[in-house]
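Worksheet for the structure shown next.
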Amino acid sequence: MIAYASSLDQAGPMTQTAEDAALVLNVMSGFDEKDSTSAEQDVQDYTANLNDSIKGLTIGLPKEFFSEGLDNEVADNVMAAVKEFEAMGATVKEVSLPNSAYAIPTYYIVAPCECSSNLSRLDGVRYGYRCEDPKDLEDLYLRSRSEAFGEEVKRRIMIGAYALSAGYYDAFYLKAQKTRHLISDDFKKAFENVDVIMGPVSPTTAFDLGSVKDPVSMYLADIYTLSANLAGLPGMSIPAGFAQNLPVGLQLIGNYWSESKLLNIAHQFQQQTDWHQKMPQEN
Amino acid sequence: MEWETVIGLEIHAQLNTKSKIFSGASTQFGAKPNSQACAVDLGLPGVLPVLNKEVVKKAIKFGLAVDAHINQRNVFDRKNYFYPDLPKGYQISQLDWPIVGEGKIEISVGDKIKVIGVTRAHLEEDAGKSIHDLYNDFTAVDLNRAGTPLLEIVSEPDMRSAKEAVAYAKKIHALVQYLEICDGNMQEGSFRCDANVSIRPMGQEELGTRAELKNINSFKFLERAINLEVERQQDILEEGGKIAQETRLYDSVKHETRSMRSKEEANDYRYFPDPDLLPVEISDELMDQIRKELPELPTEKKSRFITEFDLSEYDADVLTSQKPLADYFERILVNNSDHAKLCANWVMGEFSAACNKNQIEIKDAPVSADDLSLLISRICDDTISGKTAKDVFKAMWKGEGSADKIIESKGLKQMTDTGEIETIVDEIIANNTPQVEQFKSGNEKILGFFVGQAMKATQGKANPKLLNEMLRSKLG
C-alpha cells in the first residue's frame with residue numbers, strides 16, 4: 001500500500017459476501033512491526049460470530065445522514081433495509097452526529113496536507129517518471145511532477161502545500177485536527193446508546209463517468225463516509241437495493257474493534273436478503 | 284562605537300547507534316556509496332519508518348547531563364523540502380515538542396566560569412550526500428548517510444566572543460563523548476557546528492540581525508569564521524549599512540564567508556506532525572534506568588581528581604577536558620597510585636605534546652597508557668631519572684620497544700652502587716680544588732657544578748639523590 005493520506009489510509013477487503021470479507025480480513029489483520037501506527041493486538045477469528053443472532057441489537061440512525069441532499073429513492077432503500085433488521089429483532093434509535101457537517105472540509109484539509117508530503121518522493125530523481133532533457137534541477141522537479149500527476153492529484157497537492165505553509169498551518173491543519181476530535185467525540189457519545197450506526201453510503205446513486213465536473217460536488221458524494229474515516233472507526237458498505245436501476249449501499253459503522261460484530265450483522269442481513277447477489281437490469 | 288558580539292550555536296551530533304534512526308540499515312562510515320541504504324532510506328513507495336529506541340535513550344542521556352527538562356511525550360514532525368539527497372522529500376525532525384527541553388552547561392574561558400543556556404535538543408534524521416565534482420554534467424547522490432540519527436543541540440545566544448563559542452562547542456564535544464553517544468569525529472562530520480552571529484552596540488538589549496554560518500568542521504575554523512563574520516558585520520554597520528538575515532557558507536581555504544541564501548529565499552518547510560509515527564512516550568522507569576546508568580560526567584570527574592589525587596584545579600580541568608585523556612591518565616595511575624602529580628605532568632606534558640605535534644588522537648598514540656605507566660614506574664623505583672625518562676619516551680614513541688627494553692639496550696639504568704659513585708665523586712673533588720674552596724666558603728650554588736661533573740662522568744646515570752647526599756657529606 002502506497003501512502004496517500006497516512007492518518008486516513010486503511011486497507012479493507014472488497015468481496016461479494018460478508019463471509020468472504022471475514023475470511024479475507026482473517027488473513028490481512030494483525031500487528032505489523034514495520035508500521036508504527038499498527039496496534040499490537042491479537043487477531044480475532046472474524047468468522048466465529050457470523051451466525052450469532054442479532055436479536056436485541058440497537059441500531060442508531062444519525063439524523064444528519066437523512067437530511068437535505070439525500071435522494072428519496074436511496075433513502076427508501078436504506079429504510080427498507082433497516083426494517084429488515086427490525087424484523088430480525090433489532091430496535092432502532094435516532095442519534096445525532098452534530099459535527100458530521102464538518103467531515104468534508106476537515107477531510108479535504110487533512111488528506112491533501114498529508115498527500116502533498118507523501119507524494120513528494122515522486123520527484124523524478126530516483127524512480128518513476130522523469131521529464132525529457134531537464135535543463136536544471138528545478139526544471140526536473142517542475143516538469144516531471146507537472147507532466148506525470150493527474151489534475152485531481154495536483155489540485156490536492158496544491159491545497160495541501162498551501163494549508164501547511166507558514167501562517168496558514170494553525171488556521172487549517174491544526175483546526176482540522178481539532179474538528180477531527182469533535183467528530184470522534186460525536187461517535188463516542190452515540191455508541192453509548194447504540195451498538196451500530198446505519199445510514200446511506202452516498203447521497204445519490206452512481207453518476208455517469210465524467211458527468212460531474214466541479215470538484216466540490218464530487219467531494220460531496222463522500223459526505224456520509226468520511227466521518228467514520230476521520231474518527232478511525234470500522235465502516236462497511238453492503239448492497240441494499242436498487243434506485244433508478246443502480247445499486248444502493250447500506251453503510252454500517254461500528255465502534256472501535258467491532259469488526260467482528262459488523263460482519264455478523266452484515267452476514268445475518270445477507271442470510272435474509274439477496275441484494276448482494278443481484279445485478280442491475282440490462283437496458 | 285563599541286560593539287558586543289552575540290553568538291548562539293546549533294550543533295549536530297551524530298548518535299553512534301549501529302543502525303539508522305528509522306530503519307535497520309547500518310550507519311558505518313565510509314562504505315561503498317548507496318550500499319547502506321535500504322528501502323526506507325531510499326524513500327521507496329510503501330515503506331514506513333520505525334523509531335530506533337536507542338536514539339531516544341541517547342538523547343535522554345544528553346538531556347540529563349545538561350540538567351535539561353526531558354519531554355516525556357515528544358513528537359516527530361516532517362520538514363518538507365525538495366532536494367535530490369532527501370529521498371522522501373521531507374526530513375523527519377522535531378519542531379514544537381523536542382525530546383530535550385531547556386538545560387544549561389558551564390564553560391570556562393580563561394579564569395572565568397560562565398553558564399550557557401541550552402535551548403533544546405531534538406532528534407532528526409540526516410540527509411544523504413550530494414557530490415557535485417564527480418561527474419561533469421551530473422551530481423552524484425550517496426544515500427548511505429540518509430537516515431543517520433542526529434541530535435541537534437541548540438544553545439541560547441549566550442556567548443559573547445568566538446573564544447566563548449569555541450569553549451562551549453568543546454564542552455559539548457567532550458560531553459557527548461563522555462556519554463558515549465557520539466564519536467565526536469569532526470572530519471567525518473559526526474559533530475558539526477553552525478553559528479548564529481550578530482553584533483549590537485554595547486549596552487543595547489535588542490539583538491542585531493544575525494547571519495548563520497555553516498560548513499564549519501573544526502574548532503579552529505569556528506573561531507576564525509566567527510571573528511571574520513564579526514568584522515564583516517562591523518564594517519557594514521559602521522558604514523551605515525544593514526545586515527541581511529541570511530545563511531553564509533564558510534570557506535576555510537579562501538578564509539571567507541559567502542552568502543548561501545537570504546531569508547527571502549529560505550524554504551517554507553511546511554512542518555506538520557508525521558502521521559507515520561506515534562508521539563514518543565518515555566516512561567518514568569526508563570528515565571530512572573538511564574539516570575542510574577549515567578557515567579561520571581566531566582565536572583564530577585574533575586572534583587574527584589582534585590580530592591582523590593590531590594591535583595590542582597588546573598591539572599584536573601585539563602585532564603578531564605576529554606574523556607580519552609582522563610581515561611589514559613587513570614589507567615596510568617593504576618600502578619603508580621602514589622605518584623598522581625608525576626603521572627599528571629607526564630600526561631599533560633610529554634604525552635600531550637607528542638600527540639599534538641604529530642596530530643595523533645590519543646587512541647592512536649604509539650605509546651599506550653600501559654607503556655607509559657611502566658616508564659613512570661621506572662622513575663619511581665629509581666631505575667632511571669626523570670630526565671633520562673624523557674629520552675626513553677622519545678624512543679618509545681618512535682617504536683623502539685618497551686621502556687625496559689630501551690633502558691636495557693641503551694644502558695640507561697641509573698648507577699645506584701654507592702661504591703662506584705663514591706670513586707667518581709672523590710675524583711671530581713680532587714680535581715677541582717678551587718670550586719671546593721668556594722663551596723666551603725658558603726657558595727651553595729656551586730654544588731650544581733659538582734652534580735654536573737658527576738653526571739657527565741656517568742653519562743647522566745648517577746642516581747641524583749644518592750649523588751647529592753654523597754657530595755654534601757664529602758664536601759661538608
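Chains as they are written, first to last, in my numbering: chain A, 1 to 283; chain B, 284 to 759. Where a beta carbon is used, it is the ideal one built from N, C-alpha and C, also for glycine.
- Identification of chain A residues near L331(B) by a Cβ-Cβ cut-off of 7 Å yields K34, D35 and S36, ordered along the chain.
- Annotation: S258(A) to T310(B) spans about 43 Å, alpha carbon to alpha carbon.
- Closest in C-alpha terms to F474(B), from the list P484(B), V459(B) and S481(B), comes V459(B).
- Look at the stretch 361 to 385 of chain B: the residues with a C-beta under 7 Å from a C-beta of chain A are R361, N363, F365, P367, P370, K371, G372 and Y373.
- The continuous stretches of alpha helix (DSSP H) do not include C476(B), which lies in the beta strand (DSSP E) extending over residues F474 to P484.
- Counting the other CB atoms within 10 Å of its CB gives K739(B) a total below 16, which places it among the exposed residues.
- By the CB criterion at 9 Å, G291(B) and T422(B) fall outside the cutoff.
- In the structure shown, E389(B) adopts extended strand secondary structure according to DSSP, grouped into three states.
- The stretch 91 to 106 of chain A and the stretch 163 to 170 of chain A do not touch, with fewer than three beta-carbon pairs separated by less than 8 Å.
- The Cβ neighbour count for R531(B), taken over all protein chains shown within 10 Å, is at least 16; the residue is labelled buried.
- Note that the C-beta distance between L433(B) and E407(B) is below 9 Å.
- Considering only Q271(A), E40(A), L50(A) and Q16(A), the residue with the shortest C-alpha distance to L263(A) is L50(A).
- K454(B) places its beta carbon less than 9 Å from that of I388(B).
- Below 8 Å, enough C-beta pairs join the stretch 145 to 162 of chain A and the stretch 117 to 128 of chain A to call them touching: three or more.
- In this structure, V43(A) keeps its C-beta atom at 9 Å or more from the C-beta atom of M198(A).
- Taking a beta-carbon distance threshold of 9 Å, Y554(B) counts as an interface residue toward chain A.
- Not a single CB atom of chain A sits nearer than 9 Å to the CB of G430(B).
- Interface flag for L137(A) against chain B is set, since a Cβ pair is found closer than 9 Å.
- Taking 9 Å as the cut-off between beta carbons, the residues of the stretch 311 to 335 of chain B near chain A are V323, L325, G326, L327, P328, G329, V330, L331, P332, V333 and L334, in sequence order.
- Per DSSP, the beta-bridge partners of K93(A) are G60(A).
- If you draw a straight line from the Cα of M284(B) to the Cα of L490(B), it comes to about 16 Å.
- In the DSSP assignment, G400(B) falls within the unbroken beta strand (DSSP E) covering K395 to E408.
- By the criterion of at least three beta-carbon pairs nearer than 8 Å, the stretch 314 to 324 of chain B is not in contact with the stretch 346 to 356 of chain B.
- Taking a beta-carbon distance threshold of 9 Å, V424(B) counts as an interface residue toward chain A.
- About 7 Å separates the beta carbons of L97(A) and F187(A), which is inside the 8 Å limit, making them a contact pair.
- Comparing alpha-carbon positions, the option among A652(B), C638(B) and E596(B) lying closest to C626(B) turns out to be A652(B).
- Annotation for Q311(B): no beta strand (DSSP E) segment contains it, and DSSP assigns it neither H nor E.
- At least 9 Å separates the beta-carbon of S668(B) from that of Q642(B).
- Boundaries around G199(A) are those of the beta strand (DSSP E), V196 to P200, since no alpha helix (DSSP H) includes it.
- Restricted to the stretch 658 to 698 of chain B, the alpha helix (DSSP H) segments that are unbroken, complete and at least 4 residues in length are 669 to 680 and 686 to 693, listed in chain order.
- When DSSP states are grouped into helix, strand and coil, Q374(B) belongs to the strand group.
- In this structure, I436(B) places its C-beta atom within 9 Å of the C-beta atom of V383(B).
- Taking a cut-off of 8 Å for Cβ pairs, the stretch 515 to 533 of chain B and the stretch 289 to 309 of chain B do not touch, as fewer than three such pairs fall below it.
- Counting only Cβ-Cβ distances below 7 Å, V125(A) has contacts in chain B at P367, in chain order.
- When rounded, the separation of the alpha-carbon atoms in E514(B) and A648(B) is 39 Å.
- For N751(B), the secondary structure class from DSSP, reduced to helix, strand or coil, is helix.
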